[in-house]
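Enquirer: After the structure tokens below, expect a handful of questions from me.
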Amino acid sequence: MTGVLLIAVVTLGVLVRTLFRRLRTLEAQVRDLRLERTLPEVAPITTTAPPTTAAAPAESMPALTPPDLAPSVAAVVPPRAEPATSKPKPAPPPRSPKPRMTFETIVGGKLPIWIGAAALVLSGFFLVRYSIDSGLLGPFARTLLAGLFALVLIAGSELARRLPATRDDTRVGQALAGAGTASLYGTLYVGAALYHLIGVSTAFALMVVVTLAALGLALRHGSPTAIMALIGGFVAPLLAGFGESGVGPLLVYLALLIAALFGLSIRRGWAWLALAACGGGFAWANLLIVMLPGGGLAGVGGFVLLLAIGATLALPGTGRTAARTWLRLVPLIAGLVQLLILAPALDFSALSWGLYLLLSAAAVWLGWRDAKLAAGAGAALALVLVLLAAALLQPLHPAAPAAAIVITVLFAGAGQALLRRGPLWAALAVGGSAGPVLVSIATDPALLTPSAWTMLLLVLSAACALVSWRTRDMANAAVRLGPGLVGGAAAAALLAGVAAAQALPEPWRWSAWLAIGVAIAGWSRRTGDAALDRLALVPLVVTTLAIAANFGLAHGYMLSVLTDHAAPPLADLIAIGLFPAVLIAATGWLLTSSTSRRVLGWIALAVALSLVPAVLPAPWHAAGLGLAAALVIAGRVPLPGAGPTAALVTLAFAWHPIGDLLYLAGRAILGDRLPWRLLPPITDILRTLTLPAALIAAALALRASLAPVWRQRANMVVAAIGVVTLYVVAKQPLAIGDVMRFTALGMAERVAITQALLAGGWALRARQPDLGRALTIVGMARFVWFDLFILDPVIVPQAVGPLPLLNAATLDTALVAAWLWRWRGGRIGRLAVLAAITLSVAASVRQVTHGTILTGAIGRTENWLYSAALLALAILCLGTGLRNRTAELRVAGLGLLTAVTLKVYLIDAAALAGVLRILSFMGLGFALIGIGWAYRRLIVTEPAVADPVMS
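Each residue of the sequence shown is one higher than the one before, starting from 11 at the first, in our numbering.
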């Protein structure tokens, strides 16, 4: 320590020597500047007069010395008349350039004085400390010595203001005055708090005197003296030492010191000094909290309270800088944070709560007094909620419940009373009503019974709703989150939701939350506020998250909807299905946003439809949904696409029989002869497909205003289900379940189904052309695929019947030709009719020669009969074409005739011999000659009509 002091002394000596050298240089420069400042005043008159009309008298003046310059100019130069219109303004004096800050100017010119002042203060303190440690002086002598040293320093400051060597440099006096002031504060603290040489009243009086002296010295010497007083005043107790018993005098000392600094800052407009004094006070409070036990901290809390309030009130008077809102709030918020830190040290006692609530009340009062300080009340509410949570987390917190009540009354009451002043007070009303109770129930639910919590939450929810009601004129069509209208509604909804969670079991509270959404939606519709419109969706989101988090409660309900699980209890059906569907639909109906209305409408429809399978047993799920879809369609639900969607949901619940039917169709297309064995039970088809389709068809018939596109699609689906039903019904009587029954009855059953489809297509051709066309296509596809390819009776053994011309094969093809007759006007239609007739003739020949089973080889007689029958058909086509003048029919007859001729020459003649061969060629020859004669005579002599329609 001695080495450090030696180095400091040497350094200070060098700096002082440099200082005196620079001082002599500056005095010489000042003398030169004074001489130069007087000489330029003569130059404009004697040598460089401006070129004006008044310059001539000035040039004839005799040379004058500077002492008689002013009177001579006044006597000789006449006053010049200035124009009335323009009077030139005097040019401002040039600004002297600021001296450049260099290392030399800082270290050599500024720091030595302030370091020297600090060294003087420290020397006084260390002198007292040394005397104490060495036992050289008694307490009275030590205190007296310190006081004399302080007075000497102050007297030296006044002397420095008068000495010629130091009066031009004000920093010397400032440094000595600051050091003396700090020493006086320290002396009074030592004499009163440590040695008890003077009483409390005497110490207080002397402290006032020192404070006044410091104020006067700072006014005389400026800010540097104030800085020294600030530093010395706050450091003095730390150097002298203190104990628990001296906390009271220390706090009084600090309070008077800060008050003096505040007074000085207000007098001189030094906002920085007030903030520094405030910071010093809070620093001492933190130090005391760390160093002292809890019992000695009550006074610290009072000190912080007074400091925060006093600093907030004093700052506006310290100048424009302190008029900034955030700067004025710094002491108040710092005090709140300080008391928040102090509360655990006081074990969250009633005293700590009293201090904090007093400062909170002061923050509210300051906000009421000055609107710029209203944010301090909001900060007080936020911090007091943190304090409340910390207190309630303690094992014992006897004062916290009462504090929560006071917090609610203080902030909610102030917010309600000053609600119309601005949004911040609305936020205070909402936060004061909802914050304490939510913090309490979150940290200590056992504080009250569930019923008591419910009543308290509902009362406070009404208070928040009152805030929203009183600010209803703030509604906006744009989405703007105001703390009054929207914040009050949100807080009321939150408190009501928590009350429902306290009072109701899990499934029922979901409906309560959705009812809150209905209330918000109604309030949104009443006010027209867009933010409330969005807020109404929040209860639905919360309910969805709650269901997802507790899915076990809804698991049974979902199983009953999607599987054959037993229906849940009636209470669950109401709480999970009925009430949510109604409440969601009501929320959507009340909302103003079209998108939100549609979304909630679809959700409500889904929940309502889920209620149907949850109530009914599994086999009746589709039927019940079909009835629901019919009601949706016929009831004109104001949701576009609701009816078709309900019908699709019904179809989805019929997936099992639909899957079986699709599998059956695939197997049948691939050639399975026994599809009856794959059919679902007829009761399942009627209950799951036919009954819902019939109900939906009835609804479609009742509602004529359905969109045409949806009606057309729905009719097609209903018709398809009807066709499937008829197919299943048609398969029941014969019940072809083995090969023998297929051989005996397969052809008849297939022909009946095919012809029924074609007949239905013909019957619906006028009223439902699309459906009729679809049935005709399906019937024709069955005829071509099954009867001509996969299950052709010529290849697969099937009984067609014993009667010629009235067997299944002949009638099947003949009826196909009859159904195709209505398309005879087109070329393709006429060719299709001719092909069907040809197949019918061939089937008749096959049945005549083979009987009921058409399989087997072609015999001689059958071969001859094919030629004869086809020849007759060719002659018939030619005759009809000639009579009706139809070129295409004649060409078809000629083509068939050519084919028969080639068959006879290439196939039939090779199989005949003797007289039969002679007779066959003879008959064919006469027939061909007759046909050629008649054809040429009729066609050549009379031109044929190009393309008439066959009659």
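Where is the CB? At the ideal position from N, CA and C, for every residue including glycine.
1) My understanding is that Thr453 touches Leu402, with C-beta atoms under 8 Å, so please give their C-beta distance in whole angstroms.
2) Is Pro953 buried or exposed, if buried means 16 or more other CB atoms sit within 10 Å of its CB?
3) For Leu569, decide whether its Cβ has a neighbour in chain B, counting only Cβ atoms nearer than 8 Å.
4) Given that a residue counts as buried once 16 or more other Cβ atoms are within 10 Å of its Cβ, and exposed if not, what is Val551?
5) Straight-line CA distance for Ala502 to Ile731?
6) Between Leu361 and Ile299, what straight-line distance do the alpha-carbon atoms span, to the nearest angstrom?
7) How about Leu684 and Ile746: do their beta carbons lie closer than 8 Å?
8) Quickly, what does DSSP pair Ala160 with across the bridge? List them, please.
9) By alpha-carbon positions, which one of Leu864, Ala456, Leu841 and Ile847 ends up nearest to Gln808?
10) Assign Tyr876 to buried or exposed, taking buried as 16 or more other Cβ atoms, counted over all protein chains shown, within 10 Å of its Cβ.
11) Which two residues bound the contiguous alpha helix (DSSP H) that contains Ile584?
12) Under 7 Å Cβ to Cβ from Leu545, same chain only, skipping five residues before and after it: list those, please.
13) To the nearest angstrom, report how far apart Ala410 and Gly425 are at their CA atoms.
14) Sort out for me which residues DSSP pairs Ala809 with in a bridge.
15) Does the region 630 to 642 come within contact of the region 687 to 694, defined as at least 3 CB pairs closer than 8 Å?
16) Could you tell me whether the region 787 to 796 touches the region 736 to 750, where touching means 3 or more Cβ pairs closer than 8 Å?
17) Alpha carbon to alpha carbon, how far is Leu369 from Leu346? Give it in angstroms, no decimals.
18) Identify the continuous alpha helix (DSSP H) that holds Lys741 and give its terminal residues.
19) Please work out which residues of its chain come closer than 7 Å, Cβ to Cβ, to Phe796, disregarding the five sequence neighbours upstream and downstream, and give them in chain order.
20) Check whether the Cβ atoms of Ala487 and Gly538 sit closer than 8 Å, and answer yes or no.
21) When you compare only the Cα positions, how much space is there between Val394 and Ala576?
22) Pro702 by DSSP, collapsed to three states: which one?
23) Give the C-beta separation of Leu774 and Leu781 to the nearest angstrom, bearing in mind that I take them to be a contact with Cβ-Cβ under 8 Å.
24) Keeping to the same chain, check which residues put their C-beta closer than 7 Å to that of Ser233; ignore five residues upstream and five downstream.
25) For Arg775, which three-state DSSP category applies?
26) With C-beta atoms as the reference, is Leu583 less than 8 Å away from Ile594?
27) Rank Arg870, Trp599 and Asp380 by C-alpha distance to the C-alpha of Pro648 and give the top, closest one.
28) Taking the runs of the alpha helix (DSSP H) that are 4 residues or longer, which of them lie wholly in the region 540 to 577?
29) Tell me the rounded alpha-carbon separation between Leu342 and Gly386.
30) Can you name the start and end residues of the alpha helix (DSSP H) that Arg181 belongs to?
31) Assign Met932 to one of two classes, buried (16 or more other C-beta atoms within 10 Å of its C-beta) or exposed (fewer than that).
32) For Asn873, name the three-state secondary structure that DSSP assigns.
33) Is the beta carbon of Val440 closer than 8 Å to that of Leu470?
34) Whole angstroms is fine: what's the gap from Ala265's alpha carbon to Thr322's?
35) Candidates Ala638, Leu671, Leu755 and Gly669: which alpha carbon is nearest Leu701's?
36) Taking Leu316 as the reference, which of Leu815, Leu302 and Gly291 has the closest Cα?
Expert: The short version:
1) Within the sequence shown, numbered from 1, the residue matching residue 453 stands at position 443. Within the sequence shown, numbered from 1, the residue matching residue 402 stands at position 392. Under the criterion of beta carbons closer than 8 Å, Thr453 and Leu402 qualify as touching, at roughly 4 Å.
2) Position 943 of the sequence shown, counted from the start, is the residue given in the question as residue 953. Confidence at Pro953 is low in this model, with a pLDDT of 48, below 50, so the placement of that residue should be treated as unreliable; the coordinate-derived value is given next. The residue in question, Pro953, is exposed, as its Cβ has fewer than 16 Cβ neighbours within 10 Å.
3) Within the model displayed, chain B is absent; a lone protein chain is all it includes.
4) Numbered from 1 along the sequence shown, position 541 holds the residue referred to as residue 551. By the 10 Å Cβ count, Val551 comes out exposed.
5) The residue given as residue 502 occupies position 492 in the sequence shown. The residue given as residue 731 occupies position 721 in the sequence shown. Cα-Cα distance, rounded: 53 Å.
6) Taking the sequence shown and counting its residues from 1, the one referred to as residue 361 is at position 351. Taking the sequence shown and counting its residues from 1, the one referred to as residue 299 is at position 289. About 15 Å.
7) In the sequence shown, residue 684 corresponds to position 674, counting from 1. In the sequence shown, residue 746 corresponds to position 736, counting from 1. In this structure, Ile746 lies closer than 8 Å to Leu684 by Cβ.
8) Position 150 of the sequence shown holds residue 160. Ala160 is not bridged to any residue.
9) Counted from its first residue, the sequence shown places residue 808 at position 798. Closest option to Gln808, Cα to Cα, is Leu864.
10) Counting from 1 along the sequence shown, the entry for residue 876 is found at position 866. Buried, by the Cβ-count rule.
11) As a working mapping, residue 584 is identified with position 574 in the sequence shown. No alpha helix (DSSP H) contains Ile584, which DSSP labels as neither H nor E.
12) Counting from one through the sequence shown, the residue named residue 545 turns up at place 535. Apart from the 5 residues on each side of it in sequence, Leu545 sits with its Cβ closer than 7 Å to the Cβ of Val496, Ala499, Ala500 and Ile530 in its chain, given in chain order.
13) Within the sequence shown, the letter at position 400 stands for residue 410. Within the sequence shown, the letter at position 415 stands for residue 425. Gly425 has its alpha-carbon roughly 22 Å from the corresponding atom of Ala410.
14) As a first step, residue 809 must be located in the sequence shown, where it is residue number 799. Partner(s): Ile863.
15) No contact exists between the region 630 to 642 and the region 687 to 694.
16) In short, these stretches do not touch, since the Cβ pair count stays below three.
17) Walking along the sequence shown from the start, residue 346 turns up at place 336. Walking along the sequence shown from the start, residue 369 turns up at place 359. Roughly 7 Å between the two C-alpha positions.
18) To locate residue 741, count along the sequence shown from 1; it is residue 731. Its alpha helix (DSSP H) spans residues Pro718 to Leu744.
19) Here residue 796 is taken as the residue at index 786 of the sequence shown, counted from 1. In its chain, beyond the 5 residues on either side, Arg760 have a beta carbon closer than 7 Å to the beta carbon of Phe796.
20) As a position in the sequence shown, residue 487 is number 477, starting the count at 1. As a position in the sequence shown, residue 538 is number 528, starting the count at 1. Gly538 sits close to Ala487, with the two beta carbons spaced by under 8 Å.
21) Numbered from its first residue, the sequence shown carries residue 394 at position 384. Numbered from its first residue, the sequence shown carries residue 576 at position 566. Cα-Cα distance, rounded: 53 Å.
22) For the purposes of this step, residue 702 is taken as the residue at position 692 of the sequence shown. The DSSP-derived three-state label of Pro702 is helix.
23) Counting from 1 along the sequence shown, the entry for residue 774 is found at position 764. Counting from 1 along the sequence shown, the entry for residue 781 is found at position 771. About 5 Å; that satisfies the 8 Å criterion.
24) Within the sequence shown, numbered from 1, the residue matching residue 233 stands at position 223. Same-chain partners within the cutoff: Trp280.
25) Position 765 of the sequence shown, counted from the start, is the residue given in the question as residue 775. The DSSP-derived three-state label of Arg775 is coil.
26) One-based indexing of the sequence shown puts residue 583 at position 573. One-based indexing of the sequence shown puts residue 594 at position 584. In this structure, Leu583 lies away from Ile594, with their beta-carbon atoms at least 8 Å apart.
27) On the sequence shown, position 638 is the one that residue 648 refers to. It is Trp599 whose Cα lies nearest to the Cα of Pro648.
28) For the region 540 to 577, whole alpha helix (DSSP H) runs of length 4 or above, ordered along the chain, are 540 to 545, 548 to 559 and 561 to 572.
29) Start at 1 with the first residue of the sequence shown, and residue 342 comes out as number 332. Start at 1 with the first residue of the sequence shown, and residue 386 comes out as number 376. Approximately 7 Å, taken between the alpha carbons.
30) Sequence index remark: in the sequence shown, residue 181 carries index 171 (1-based). Thr180 to Tyr199 is the extent of the alpha helix (DSSP H) around Arg181.
31) Counted from its first residue, the sequence shown places residue 932 at position 922. Result: exposed.
32) Reading the sequence shown from its first residue, position 863 is the one you call residue 873. In the structure shown, Asn873 adopts helical secondary structure according to DSSP, grouped into three states.
33) Indexing the sequence shown from 1 puts residue 470 at position 460. Indexing the sequence shown from 1 puts residue 440 at position 430. Not in contact: Leu470 and Val440 (Cβ atoms no closer than 8 Å).
34) Mapped onto the sequence shown, residue 265 falls at position 255. Mapped onto the sequence shown, residue 322 falls at position 312. Rounded to the nearest angstrom, the gap between the Cα atoms of Ala265 and Thr322 is 15 Å.
35) By 1-based counting over the sequence shown, the position of residue 701 is 691. Nearest C-alpha to Leu701 among Ala638, Leu671, Leu755 and Gly669: Ala638.
36) Counting from one through the sequence shown, the residue named residue 316 turns up at place 306. Leu316 has its Cα closest to that of Gly291, out of Leu815, Leu302 and Gly291.
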